[in-house]
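Have a look at the structure below, then the notes.
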Amino acid sequence: MTGSLTIRQVTPDDDPEAEFDLRHRAFGPATRDRETMLAEQHAFVADGALIGAWDGQALVGSARVHDMRQWWGGRALPMGGVGGVKVAPEARGQGVGRALMTEVLAVMSRRGYALSALYPATAHIYRSLGWEIAGGGYRATIPGRSLGSLLAADPNLGEPASASVRPEPRGDPGGRPPGLAPRGDPGGRPPGLAPRGDPGGRLPGMALRRAGPQDAEEVIAVLGAVHEAARHCGPCTRDAGTVRRWISRPDFFGYLAPDGFVGYGWRGDGAREMMVHTLQAASAPTARALWGIVASHASVTEVVHVNIAPQDPIGWLTREEDLSLRLRGNWMLRVIDPRAAIAGRGFPVGAQISVPLELIDPDLPANSGPHTLTVGDGRGYLLSGLTEPAPGSPASGPVRLGPRGFAALFGGVPMTTLRLAGLAAGGDAHADALLDGAFAAQPFMLDWF
Ligand SMILES: CC(C)(COP(=O)(O)OP(=O)(O)OC[C@H]1O[C@@H](n2cnc3c(N)ncnc32)[C@H](O)[C@@H]1OP(=O)(O)O)[C@@H](O)C(=O)NCCC(=O)NCCS
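Next comes the structure, spelled out in structure tokens:
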């Protein structure tokens, strides 16, 4: 470092080459063509979502914030996905990374993101600002031929194949944080689609069709409806521009049903290995139809890799135990606005709790202080202040959590783990049991960023 450090949003007047050079020096050669990278960068800059650190005139660090909605208990929350965090080799170890991430956190807070998530290459810097491990990114590998003959439904159950797990419409848009222009991300129910043939050849009458860039908003709505129906914790939906860019790529193939979507491509040369970026369905017939598309490639595709939830139904549909699941990486969560995060997520409908919490958040001091967490009928509220203890209740005091402990609890990490890791104090065993019941989850993500 030679001069004073300036941290600000990258503007269209800044040279895009400086960012590409920094990225190359931090992460190695680009894996995408220049045109794609420029289009992507333009979108981040236009959105004020690329933050840079300058030493005098030289760009020495940067990070981007992906505008995402993350689904928790089947409800969507505005989430800033942090990616591409990097500092020039000659400027490392001098506080640039921490200063940059401090500003990124402040920007996300100002923009109204309730949550932030990131995949850490190194955890220390993020922990020091309140992120903590809260979920995983999983990938399954399945032999192509295993998918060709999935198990039939239990014949004693009547007609389960027609059973949909779609919820009643609830008008829960999970919109962008205030201050950002809407991008036409309705999050609502997809309109019914007229049948246009069945490219998978598996289910006559199934309304399944090839998706094009014009379907971006419908793809987002369908994926959101699947996450809502399944009360998923962790997966994300993106903005329409990002999804349009994905579908427009010549190496991306997508098929859309009224209640499901598959997006895939090939890995390496030829079609021997398939990469299924996402395959999500809200009903058994649609799940079979979408896997049918993948299976129809089995004559040439030996291996199918798929981003997946650990409990995806495909694990219960192959005839043999052919699916090998691996944790590709943990992601860390930062609860930026605890009150909005609690009010905006879903909870198990059976959970009925009221627990005093003391939050201690030095980097976002407005979050600090005594609170009462109340959960009932699938919804939660975090109110400032403590309720009066009932007569005769133990004087154990509130459960004390820093931002890391609160993020991990939000992600379903049991209280015993938090206490043994030094991330929770106060309270008592009864409060722990109530919190464990309310937050129980195995969060996953299908995106990589
Ligand atoms: C990781 C990176 C962004 C950190 O930037 P930096 O300017 O060197 O970080 P700082 O000097 O602000 O250090 C912040 C803290 O993180 C620690 N830290 C920094 N880099 C670290 C590393 N690679 N491993 C472990 N700890 C690290 C520092 O010791 C410091 O800890 P302290 O606050 O307790 O003293 C930078 O090293 C980098 O660009 N690395 C290559 C790309 C990369 O891995 N990016 C992360 C993607 S998630």
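Counting from 1, position 121 in the sequence shown corresponds to residue 242 in the working numbering; the numbering is continuous, with no gaps.
Glycine included, each C-beta is placed from N, C-alpha and C at the ideal position.
Note that the structure is predicted; figures quoted are calculated from it, not measured.
(request) Identify, in the order they occur along the chain, each residue of the same chain with its Cβ nearer than 7 Å to the Cβ of residue 436, setting aside the five sequence neighbours on each side. (result) Taking the sequence shown and counting its residues from 1, the one referred to as residue 436 is at position 315. The answer, listed in chain order, is 444.
(request) Using only alpha-carbon positions, find the residue among 249, 242 and 214 that is nearest to residue 226. (result) Against the sequence shown, residue 226 aligns to sequence position 105. Measuring from the Cα of residue 226, the nearest candidate turns out to be 249.
(message) Can you find the residues in the same chain that come closer than 8 Å, C-beta to C-beta, to residue 372, ignoring five residues on each side of it along the sequence?
(response) Along the sequence shown, read from residue 1 onward, the residue named residue 372 stands at position 251. Cβ neighbours of residue 372 within its own chain (closer than 8 Å, five residues either side excluded): 386 and 387.
(message) At a cut-off of 7 Å, would you count residue 246 as near ligand 1, judging by its Cβ distance to the nearest heavy atom?
(response) Stepping through the sequence shown from its first residue, residue 246 is reached at position 125. Yes - ligand 1 has a heavy atom lying nearer than 7 Å to the Cβ of residue 246.
(request) Please name the residue, chosen from 235, 362, 275 and 191, that lies closest to residue 168 on a Cα-to-Cα basis. (result) Within the sequence shown, the letter at position 47 stands for residue 168. For residue 168, the nearest C-alpha among the options comes from 362.
(request) Pick out whichever of 428, 449 and 408 has its Cα sitting closest to the Cα of residue 434. (result) Indexing the sequence shown from 1 puts residue 434 at position 313. Out of 428, 449 and 408, the CA that lies nearest to the CA of residue 434 is found in 408.
(request) May I ask which residues mark the beginning and end of the beta strand (DSSP E) holding residue 176? (result) If you number the sequence shown from 1, residue 176 lands on position 55. Residues 171 to 176.
(request) Please say whether residue 217 and residue 143 have beta carbons closer to each other than 8 Å? (result) Counted from its first residue, the sequence shown places residue 143 at position 22. Counted from its first residue, the sequence shown places residue 217 at position 96. For residue 143 and residue 217, no; Cβs fall outside 8 Å.
(message) Let's test the definition: count the other Cβ atoms within 10 Å of the Cβ of residue 382 and tell me whether it reaches 16, buried, or not, exposed.
(response) Taking the sequence shown and counting its residues from 1, one reaches residue 382 at position 261. Buried: at least 16 other Cβ atoms inside 10 Å.
(request) Between the Cα of residue 392 and those of 414, 415, 422 and 377, spot the shortest distance and give me the residue it belongs to. (result) Within the sequence shown, residue 392 is the residue found at index 271, counting from 1. The candidate whose alpha carbon is nearest that of residue 392 is 422.
(request) Would you please state the rounded distance, in angstroms, between the beta carbons of residue 340 and residue 401? I believe it to be under 8 Å. (result) The residue labelled residue 340 in the question sits at position 219 within the sequence shown. The residue labelled residue 401 in the question sits at position 280 within the sequence shown. The Cβ separation is near 10 Å, so there is no contact.
(request) Put residue 367 into one of helix, strand or coil per three-state DSSP. (result) The residue you call residue 367 lines up with position 246 of the sequence shown. Reduced to three states, the DSSP call for residue 367 is helix.
(request) Could you pull the start and end residues of the alpha helix (DSSP H) that residue 247 belongs to? (result) One-based indexing of the sequence shown puts residue 247 at position 126. It spans 245 to 248 - the alpha helix (DSSP H) in which residue 247 sits, taken as one unbroken run.
(message) Any heavy atom of ligand 1 closer than 7 Å to the beta-carbon of residue 483?
(response) In the sequence shown, residue 483 corresponds to position 362, counting from 1. Taken from the Cβ of residue 483, every heavy atom of ligand 1 lies 7 Å or farther away.
(message) Just to confirm before moving on: does the CB-CB distance between residue 449 and residue 247 stay below 8 Å?
(response) Position 328 of the sequence shown, counted from the start, is the residue given in the question as residue 449. Position 126 of the sequence shown, counted from the start, is the residue given in the question as residue 247. Between residue 449 and residue 247, the C-beta spacing is not below 8 Å.
(request) Pull up the CB-CB distance for residue 522 and residue 530, whole angstroms please, since I reckon it's below 8 Å. (result) Translated into the one-based positions of the sequence shown, residue 522 becomes position 401. Translated into the one-based positions of the sequence shown, residue 530 becomes position 409. That belief holds up - the Cβ atoms of residue 522 and residue 530 are roughly 7 Å apart, short of 8 Å.
(message) Which residue wins for smallest C-alpha separation from residue 136, given the options 171, 148 and 151?
(response) Here the question's residue 136 lines up with position 15 in the sequence shown. Residue 171 is the option with its Cα nearest to residue 136.
(request) Taking only the alpha-carbon atoms, compute the straight-line gap between residue 336 and residue 377 and give it to the nearest angstrom. (result) Here residue 336 refers to the residue found at position 215 of the sequence shown. Here residue 377 refers to the residue found at position 256 of the sequence shown. One alpha carbon belongs to residue 336, the other to residue 377, and they sit about 9 Å apart.
(request) Could you pull out every residue in the same chain whose Cβ sits closer than 7 Å to the Cβ of residue 165, ignoring the five residues on either side in sequence? (result) Reading the sequence shown from its first residue, position 44 is the one you call residue 165. Taken in chain order, the residues that qualify are 171 and 185.
(request) Consult DSSP for residue 431 and reduce its assignment to one of helix, strand or coil. (result) On the sequence shown, position 310 is the one that residue 431 refers to. The answer is coil: DSSP assigns residue 431 none of H, G, I, E or B.
(message) Please report the straight-line C-alpha distance between residue 222 and residue 481, rounded to a whole angstrom.
(response) As a position in the sequence shown, residue 222 is number 101, starting the count at 1. As a position in the sequence shown, residue 481 is number 360, starting the count at 1. Going by the C-alpha atoms only, they are around 19 Å apart.
(message) Quick check: the Cα distance between residue 224 and residue 489, rounded to an integer number of angstroms?
(response) If you number the sequence shown from 1, residue 224 lands on position 103. If you number the sequence shown from 1, residue 489 lands on position 368. So the alpha carbons of these two residues sit roughly 19 Å apart.
(message) I'd like the span of the alpha helix (DSSP H) that includes residue 136, first residue to last.
(response) Along the sequence shown, one-based indexing puts residue 136 at 15. Note, residue 136: premise wrong, no alpha helix (DSSP H); not H, not E.
(request) Measure how close the beta-carbons of residue 455 and residue 251 come, nearest whole angstrom, since I'm counting them as under 8 Å. (result) Here residue 455 refers to the residue found at position 334 of the sequence shown. Here residue 251 refers to the residue found at position 130 of the sequence shown. Rounded, the Cβ-Cβ distance is 5 Å, consistent with contact.
(request) Tell me whether residue 551 sits in a helix, a strand or coil according to DSSP, three-state version. (result) One-based indexing of the sequence shown puts residue 551 at position 430. Note: residue 551 maps to helix in three-state DSSP.
(message) I'd like the list of long-range same chain contacts for residue 267, defined as Cβ closer than 8 Å, with 5 residues on each side in sequence excluded.
(response) Taking the first residue of the sequence shown as position 1, residue 267 is located at position 146. Non-local C-beta neighbours of residue 267 in its own chain, meaning closer than 8 Å and more than five positions away in sequence, comprise 439, 440, 441, 443 and 444, ordered along the chain.
(message) For residue 470, count the other beta carbons within 10 Å of its own beta carbon; 16 or more makes it buried, fewer makes it exposed. Which is it?
(response) For the purposes of this step, residue 470 is taken as the residue at position 349 of the sequence shown. Residue burial annotation: residue 470 is exposed, with fewer than 16 other C-beta atoms found within 10 angstroms of its C-beta.
(message) Pop quiz: residue 565 and residue 257 are said to be a contact at Cβ under 8 Å. What is the actual Cβ separation, rounded to whole angstroms?
(response) Here residue 565 refers to the residue found at position 444 of the sequence shown. Here residue 257 refers to the residue found at position 136 of the sequence shown. Beta-carbon to beta-carbon, residue 565 and residue 257 are separated by about 6 Å, close enough to satisfy the 8 Å threshold.
(request) Measure from the alpha carbon of residue 354 to the alpha carbon of each residue in 192, 551 and 553, then state which is nearest. (result) Counted from its first residue, the sequence shown places residue 354 at position 233. It is 192.
(request) Mind checking which residues open and close the alpha helix (DSSP H) that includes residue 158? (result) Indexing the sequence shown from 1 puts residue 158 at position 37. Per DSSP, residue 158 belongs to the alpha helix (DSSP H) from 155 to 167.
(message) Using a Cβ-based criterion (distance less than 7 Å to any ligand heavy atom), does residue 74 qualify as near ligand 1?
(response) Absent from the structure is residue 74, since the part of the chain shown begins at 122 and ends at 570.
(request) Measuring from each Cβ to the nearest heavy atom of ligand 1, keep the ones under 7 Å and list them in chain order. (result) Going by the Cβ distance cut-off, the answer is 147, 148, 182, 206, 207, 208, 212, 213, 214, 215, 216, 217, 218, 219, 220, 239, 240, 241, 242, 243, 245, 246 and 249.
(message) Between the alpha carbons of residue 446 and residue 124, how many angstroms are there, rounded?
(response) Residue mapping note: residue 446 aligns to position 325 of the sequence shown, counting from 1. Residue mapping note: residue 124 aligns to position 3 of the sequence shown, counting from 1. Approximately 49 Å between the Cα atoms of the pair.
(request) Can you tell me which of the three DSSP states residue 505 falls into? (result) Counting from one through the sequence shown, the residue named residue 505 turns up at place 384. Strand.
(message) Taking the alpha carbon of residue 474 as the reference point, which residue from 518, 333, 140 and 554 has its own alpha carbon closest?
(response) Position 353 of the sequence shown, counted from the start, is the residue given in the question as residue 474. Comparing Cα positions, the closest option is 554.
(message) Taking a contact to mean a Cβ-Cβ separation below 8 Å, would you say residue 429 touches residue 238 in this structure?
(response) Counting from one through the sequence shown, the residue named residue 429 turns up at place 308. Counting from one through the sequence shown, the residue named residue 238 turns up at place 117. Residue 429 is not a Cβ neighbour of residue 238, given a cutoff of 8 Å.
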